[in-house]
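Residue numbering for the sequence shown follows the UniProt record's numbering, starting at 1 and increasing by one per position. Ideal Cβ positions, reconstructed from N, Cα and C, are used throughout, including at glycine. Since the structure comes first, as structure tokens, the remarks are kept for the end.
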Amino acid sequence: MTDRALAVVRAGALTTVQDRGRPGHAHLGVPRSGALDAPAAALVNRLVGNPPEAAVLETTLNGCAVRPRSAVTVAVGGAPCAVTVDGRPAPWGAPVRVPGGALLELGPARSGVRSYLAVAGGIAVEPVLGSRSTDLLSGLGPPPLADGAVLPLGRPAGPHAHVDTVPQPGPPAELVLRVTPGPRDDWFSTDAFRTLVTRAYRVSAASNRIGLRTEGPALARVRAGELPSEGMVLGAVQVPPDGRPVVFLADHPTTGGYPVIAVVRAADLAAAAQAAPGTPVRFTVVSRR
């Protein structure tokens with residue numbers, strides 16, 4: 001049995017293995033998946049000397065606890081949280097050496113939603129379609145972590161960064177999502193689109209890795225019925241029958257029949273990953289067709 005492994009002591013509410021995802025398989029009905037806050041995942045990989053495509057752990061709200069079988073270098077980023085090694089405080093946002101057998105714990109997010117744990121060598125579960133990411137919609141990749149699971153680790157690729165801490169953007173107090181109208185904005189009235197970009201929304205507690213759901217004014221259609229299923233892209237703002245916009249995130253379905261009123265700029269989706277329930281949401285137009 002290899003000593004390059006992590007034993008899961010506390011899995012947390014939802015902790016998954018994520019990397020840069022599996023783009024290019026939408027024609028097979030396979031979502032992209034991957035880390036929702038991609039810049040945070042890339043940063044913690046860089047801190048421990050991993051290549052950017054190495055797999056990390058993505059926690060949700062209440063962290064996790066793991067025990068390495070041998071000494072490892074780790075880094076935690078994304079949503080700020082307490083980091084401890086055998087109960088002693090350790091740095092967040094910087095490389096940390098964890099002895100073999102010690103308990104590494106990520107506490108609840110102090111703000112934001114998702115924290116990221118990188119281990120030198122990366123999480124080395126078996127890839128599926130070129131990615132180690134857990135996909136909650138299709139079920140591809142490793143299952144979400146469970147207490148008692150053991151995760152294999154790869155061999156370190158290079159030295160860790162020599163820093164005390166690095167700046168990281170804080171979770172948004174207000175989530176501003178820049179949108180391009182369409183492709184089905186003509187299914188809605190002019191007043192409905194004006195409502196989308198002028199009225200206040202909030203992040204719903206029903207949000208997940210598939211989509212960021214919102215609470216706020218409903219968007220009325222001018223066309224009844226549903227579309228035949230058509231392709232859906234990352235960041236699509238789909239409007240289900242209740243009229244409340246849903247922003248598609250990494251595990252989104254590749255097709256859908258509800259109309260898409262707008263598409264969010266990809267650069268804004270990392271902030272969406274860290275917007276806690278109740279966070280104000282504002283949609284703003286940056287270009288028109």
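Within the same chain, and ignoring the five residues on either side of V125 in sequence, the residues whose Cβ sits closer than 8 Å to its Cβ are V17, A55, R132, G141, P142, L151, P152. With contacts defined by Cβ atoms closer than 9 Å, R10 and E58 do not form a contacting pair. Nearest to A13 by alpha-carbon distance, out of L61, P127, N50, is L61.
Going by C-alpha positions, P91 is about 20 Å away from P156. When rounded, the separation of the alpha-carbon atoms in G130 and G139 is 15 Å. Counting every other CB atom within 10 Å of its CB across the protein chains shown gives S111 a total below 16, marking it as exposed.
Per DSSP, V72 is not a residue of any alpha helix (DSSP H); the beta strand (DSSP E) it occupies stretches across 72-78. Of the residues assessed, V285 falls on the exposed side of the cut-off, its CB having fewer than 16 other CB atoms within 10 angstroms.
The C-alpha of A275 is placed about 11 Å away from the C-alpha of R213. Secondary structure at V197: helix, using DSSP grouped into helix, strand and coil.
Residues A71 of the same chain have their beta carbon placed closer than 6 Å to that of P99, with the five preceding and five following residues left out of the count.
Here G235 is buried, its C-beta having at least 16 other C-beta atoms within 10 Å. Excluding the 5 residues flanking it on each side, L6 has same chain C-beta neighbours closer than 6 Å at V66, P68, L151, in chain order.
With fewer than 16 other CB atoms across the displayed protein chains lying within 10 angstroms of its CB, S287 is exposed.
Shortest Cα-Cα distance from E230 to any of T255, P217, V74 involves T255.
In this structure, the beta-carbon distance from A218 to D242 falls below 9 Å.
Short of 6 Å from the beta carbon of F283, and not among the five residues preceding or following it, lie these beta carbons of its own chain, in chain order: L177, V179, L196, V197. In this structure L136 touches D251 by the C-beta definition: roughly 5 Å separates them, less than 8 Å.
In the DSSP assignment, no residue is bridged to I261.
Taking a C-beta distance under 9 Å as the contact criterion, L36 and L175 do not qualify as a contact pair.
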